[in-house]
Amino acid sequence: METEHHARTPEPGAGAPTVQGVLLGSAEIMTTYIAAFEQVAPHIRLALPDAITDPESVTFALAWDPGAEDFRPYPHLRLVSSIAAGVNGILQSSSLPSDVPLMRIAGESQAQMMAGFVTWHVLWHHRRFGDYLRHQRQRHWERLPKRAAADVRVGLLGAGRMGGAVARSLVALDYDVAIHSRSGRNLPAGVEGFSGEAGLERLAARSDILINLLPLTPQTRGILDATLFARMPRGAALIHVGRGEHLIEDDLLAALASGQLAAASLDVFAIEPLPQDHPFWRHERILVTPHDACDSTPPQVAQAVAKALQRLESGQRPAGMVDRTAGY
Numbered sequence: 001m002e003t004e005h006h007a008r009t010p011e012p013g014a015g016a017p018t019v020q021g022v023l024l025g026s027a028e029i030m031t032t033y034i035a036a037f038e039q040v041a042p043h044i045r046l047a048l049p050d051a052i053t054d055p056e057s058v059t060f061a062l063a064w065d066p067g068a069e070d071f072r073p074y075p076h077l078r079l080v081s082s083i084a085a086g087v088n089g090i091l092q093s094s095s096l097p098s099d100v101p102l103m104r105i106a107g108e109s110q111a112q113m114m115a116g117f118v119t120w121h122v123l124w125h126h127r128r129f130g131d132y133l134r135h136q137r138q139r140h141w142e143r144l145p146k147r148a149a150a151d152v153r154v155g156l157l158g159a160g161r162m163g164g165a166v167a168r169s170l171v172a173l174d175y176d177v178a179i180h181s182r183s184g185r186n187l188p189a190g191v192e193g194f195s196g197e198a199g200l201e202r203l204a205a206r207s208d209i210l211i212n213l214l215p216l217t218p219q220t221r222g223i224l225d226a227t228l229f230a231r232m233p234r235g236a237a238l239i240h241v242g243r244g245e246h247l248i249e250d251d252l253l254a255a256l257a258s259g260q261l262a263a264a265s266l267d268v269f270a271i272e273p274l275p276q277d278h279p280f281w282r283h284e285r286i287l288v289t290p291h292d293a294c295d296s297t298p299p300q301v302a303q304a305v306a307k308a309l310q311r312l313e314s315g316q317r318p319a320g321m322v323d324r325t326a327g328y
């Protein structure tokens, strides 16, 4: 297994060239990375746009949901990096240079964090802990029927690093796991693969618990809709940790109201933070978490960026590069 270290990268005088970087996005979010880069990669000097006195000296941008024109002042960018696995917010910026490499942060530690989070939710739905919580509030004593993990069919949408880690975690607990991906191949041992529209229908039909780990692309936007829910077994559960725009919210509420779906775990939303008056907050069959399934710490981001810049400097392709055509 790959191990991520937060070792200090070489000082500029020891061979690492000084890099001027700019932070693009919410200042509240982005300023948290300044101290981490000073500690882990001090040769990468980060500043908010207002503190940049020479825009032409900026060769690196660390971004999260930048504005449409945020990249425009920096003509000499050599690398743009997200602070997490998602890049759809960056790709939507009209000023993002088409010829500058774009990377995302999705290391092994993030994949394992995601696997732990999703596995907990699979157990929550499989063992009906939501029902037990309601029973506790009612002071009602009832042992619910049990199913062996091998009899619970779990479907995953997305077979990247995150999907692979989740699948391996669930297979180790003896769940019946299948994945839908672009190719339907190169999957973890013991996992069935599906691809294409027909494969999506088959995966939905055999998913007692469906987990969405997809990136957001034009093809995946709105994929969690009434049509998909209707193809799932009645009483199935949804675990949604992809992107908020994957889900048609009214379709989920309708599926829960009809009993087609029994429950849902939602970690991502079209509007974040989730508005106070949103029906998801008070729905007894929905478990809400605040986009917290997994995260890259600022030191992990700094280390990944430092390695990427070193590889670029030596003419090599950094890890985590985004295929802009695919959208991830």
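The numbers in the sequence shown follow the UniProt record's numbering, run straight up by one, and end at 328. Note that CB positions come from ideal geometry on N, CA and C, so glycine has one too. Every value quoted in this text rests on a predicted model; they were computed, and no experiment measured them.
Asked: Option nearest residue 192 by Cα separation, candidates 237, 201 and 180; Found: 180
Asked: Opposing strand residues paired with residue 76 [DSSP bridges]; Found: According to DSSP, residue 76 bridges with nothing at all.
Asked: Rounded C-alpha distance that separates residue 319 from residue 308; Found: 7 Å
Asked: Residues near residue 199 in its chain [Cβ-Cβ closer than 7 Å; skip 5 each side]; Found: 180 and 184
Asked: Span separating the alpha-carbon of residue 125 from that of residue 110; Found: 23 Å
Asked: Rounded straight-line distance, which links the Cα of residue 328 to that of residue 86; Found: 8 Å
Asked: For residue 58: DSSP bridge partner residues; Found: 20
Asked: Nearest to residue 208 (by Cα), restricted to the options 83, 154, 40 and 107; Found: 154
Asked: Counted within 10 angstroms of its Cβ, other Cβ atoms place residue 25 as buried (16 or more) or exposed; Found: buried
Asked: Contacting residues, own chain, Cβ-Cβ under 7 Å from residue 230 (five flanking each side not counted); Found: 260
Asked: Residue 266: first and last residue of the uninterrupted beta strand (DSSP E) it sits in; Found: 261–266
Asked: Terminal residues of the alpha helix (DSSP H) in which residue 116 lies; Found: 108–126
Asked: Check whether residue 299 and residue 40 have beta carbons under 7 Å apart; Found: yes
Asked: Residue range of the beta strand (DSSP E) that includes residue 192; Found: 192–194
Asked: Proximity of residue 77 and residue 63 at Cβ, strictly below 7 Å; Found: no
Asked: Run of the beta strand (DSSP E) containing residue 84, from where it starts to where it stops; Found: Note, residue 84: premise wrong, no beta strand (DSSP E); not H, not E.
Asked: Proximity of residue 291 and residue 266 at Cβ, strictly below 7 Å; Found: no
Asked: Residue span of the beta strand (DSSP E) that contains residue 99, given as start and end; Found: Looking at the DSSP string, residue 99 is not in any beta strand (DSSP E), and its letter there is neither H nor E.
Asked: Start and end residues, alpha helix (DSSP H) containing residue 283; Found: Here residue 283 belongs to no alpha helix (DSSP H), and DSSP marks it neither H nor E.
Asked: Candidates 264, 105, 271 and 250, of which the one nearest residue 297 by Cα; Found: 105
Asked: Segment contact, 8 Å Cβ cut-off, at least three pairs: the segment 164–173 with the segment 216–227; Found: no
Asked: Extent of the continuous alpha helix (DSSP H) run through residue 211; Found: Looking at the DSSP string, residue 211 is not in any alpha helix (DSSP H); the run it does join, the beta strand (DSSP E), is 209–212.
Asked: Cβ neighbours of residue 256 in the same chain (closer than 6 Å, five flanking residues each side left out); Found: 285
Asked: Where residue 321 falls: helix, strand or coil (DSSP); Found: strand
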